[in-house]
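Numbering (the working numbering), first residue to last: 1350 to 1448. Structure first, commentary second.
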């Protein structure tokens, strides 16, 4: 049986469940940053930041651009579409119930 960690490789909801990944997405809305930049911002190791960025990348919540020997990440708004569609459906159903 796959662990919750391995499931997050293919589930944007599980990828968004971690507080540090949500913080990364918010920071990457402003401009592209490297894993090292993220590690300094989150006060964590570069390995941990890279792990979070890879989960976000695999779920198409960020995109990556190679610049020389560095990789820079930025939030992908289109990657949030599945999450947004679910939230709209949830709000619509809840509103019908409370009306």
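The beta-carbon is built from N, C-alpha and C at its ideal position, and this holds for glycine as well. Only a predicted model underlies this, so the values are computations on that prediction, with no experimental measurement involved.
1411 is the residue among 1394, 1374, 1411, 1403 whose C-alpha sits nearest the C-alpha of residue 1425. Of the other Cβ atoms in all chains shown, fewer than 16 fall within 10 Å of the Cβ of residue 1359; this residue is therefore exposed. Ranking 1431, 1405, 1430 by CA distance to the CA of residue 1421 puts 1405 first. Closest in C-alpha terms to residue 1378, from the list 1444, 1423, 1396, comes 1423. Counting only runs of 4+ residues, the alpha helix (DSSP H) found wholly inside the segment 1390-1445 occupies 1395-1407, in chain order.
Nearest to residue 1365 by C-alpha distance, out of 1417, 1393, 1408, 1396, is 1408.
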